[in-house]
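S.K.: What follows is a single structure, and I will ask about it in a moment.
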Amino acid sequence: MNDRSLRMLGIISMLLILVACNKSSGSSGNSGVPVTGDIHEPNENRTSCSPVVLDFSETMLTLHSLTDQDYYCFTVGLPSDLTATATFDPAMGDIQLELQDSVGTVLALGQAQPTGPDLMTTVTCGTFHVRVFSPTQTLNNYSLAISAVATVPAGIPDANEPDDDPSMCTPLADPRFGVISVPGLTLHDGLNEDWFCFRLGGTADIEILIISLGPINSLAAELLDSSLNVIASGLLFDAIIPSGNYFIRIYPINCSRSSYFLEVSEI
Ligand SMILES: [Ca+2]
Ligand SMILES: [Ca+2]
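For the sequence shown, the numbering used here gives the first residue as 780, with consecutive numbering after it.
So this is what it looks like as structure tokens:
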């Protein structure tokens, strides 16, 4: 082999080494060590969690730094079997899952395994968080799936839905001009709320009556002023209030579903 051939061989060898080095360096895809955060970043805690709707499934997620952890938050309205699964390459490091309630109490832990149901538990209703983290503090790519299968049937939404917050309230007439009766109402899941609103044209003693047709102690009610300050509460109460705009909030107790009847009148 002459000098020219040896030089060519050297150049080709260097090129091959460069290609090999490039392939083993960082990548933001689903293979190789992740170097960039995924599209949900930053989601390092419950406050900055990524809201997701169940059933949820997503790929191309990453733990991109030694301290990265990812929080996903969601609501469950009915008692359910909850499953969360992280899929990843165990050769690159361990990933674990943790289920927390709305205040951070740990409800369940996932086992360290690359595939299959990772975390399975039952929940009642509320806001929950799945925390994804690496106990070995290793960078990794993962896919995540979270699903909930209700173990009780949902109730039937009433005709006023959606009326779940003040901006969606169902308007009622001024109760000074006659008794207002609203039958056929439901709180159709354990997180559903019903909001009603009315404008009172002058000072009056207004009575609110909730007749619950469902389980005992399944719902509660409040009368609120236009600034959402609670004036009175209960299932039968009255309050002497000046002219203005008012809200009535009906909400479930302990994730109950219920049927009820609302009556608003002047005493
Ligand atoms: Ca991340
Ligand atoms: Ca509602």
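The beta carbon of each residue, even a glycine, is placed where N, CA and C say it ideally should be.
Using only alpha-carbon positions, find the residue among Leu951, Gly1013, Ile1019 and Thr906 that is nearest to Val882.
M.R.: Residue Thr906 is the option with its Cα nearest to Val882.
S.K.: Apply the 10 Å Cβ neighbour rule to Ile987 and answer buried if 16 or more other Cβ atoms are within range, or exposed otherwise.
M.R.: So Ile987 ends up on the buried side.
S.K.: Do the CB positions of Pro898 and Gly969 come within less than 8 Å of each other?
M.R.: For the record, residue 898 in the displayed sequence is Leu; it is not Pro. No, these two residues do not count as a Cβ contact at 8 Å.
S.K.: Mind checking Leu1003: buried by the 16 CB within 10 Å criterion, or exposed?
M.R.: It counts as buried.
S.K.: Find the nearest neighbour of Ser922 within the set Glu1045, Thr864, Leu845 and Leu1014, judged by alpha-carbon distance.
M.R.: Nearest of Glu1045, Thr864, Leu845 and Leu1014 to Ser922, Cα basis: Thr864.
S.K.: Pull up the distance between the alpha-carbon of Asn1033 and that of Pro941, whole angstroms please.
M.R.: Answer to the nearest angstrom: the Cα atoms are 21 Å apart.
S.K.: Return the CA-CA distance between Ile1029 and Ser946, expressed in angstroms with no decimal places.
M.R.: If you take the alpha carbons of Ile1029 and Ser946, they lie about 15 Å apart.
S.K.: Quick check: is any heavy atom of ligand 2 less than 7 Å from the C-beta of Asn920?
M.R.: No.
S.K.: Could you tell me the distance, in whole angstroms, from the CA atom of Ser844 to the CA atom of Asp944?
M.R.: Going by the C-alpha atoms only, they are around 39 Å apart.
S.K.: Could you compute how far the alpha carbon of Phe853 sits from the alpha carbon of Pro896?
M.R.: Going from the Cα of Phe853 to the Cα of Pro896 covers about 19 Å.
S.K.: Using 7 Å as the cut-off, classify the Cβ of Pro962 as near or not near the heavy atoms of ligand 2, replying yes or no.
M.R.: Checking every heavy atom of ligand 2 against the Cβ of Pro962, none is found closer than 7 Å.
S.K.: Under 8 Å, do Pro1021 and Thr982 count as touching if we go by C-beta distance?
M.R.: Against a cut-off of 8 Å, the Cβ pair of Thr982 and Pro1021 comes out as a contact.
S.K.: Quick one: measure Cβ to Cβ for Leu878 and Leu886, integer angstroms, because I've assumed they're closer than 8 Å.
M.R.: Yes, Leu878 and Leu886 are in contact; Cβ-Cβ is about 5 Å, under 8 Å.
S.K.: Apart from the five residues just before and just after Phe835, which ones in its own chain have a Cβ nearer than 8 Å to its Cβ?
M.R.: These residues qualify, in order along the chain: Tyr851, Phe853, Leu923, Ala924, Ile925 and Ser926.
S.K.: Where does Arg978 sit, in a helix, a strand or coil, going by DSSP?
M.R.: Reduced to three states, the DSSP call for Arg978 is strand.
S.K.: Three-state secondary structure (DSSP) at Ser1037?
M.R.: Strand, per DSSP.
S.K.: How about Val902 and Ser859: do their beta carbons lie closer than 8 Å?
M.R.: Going by C-beta atoms, Val902 is nearer than 8 Å to Ser859.
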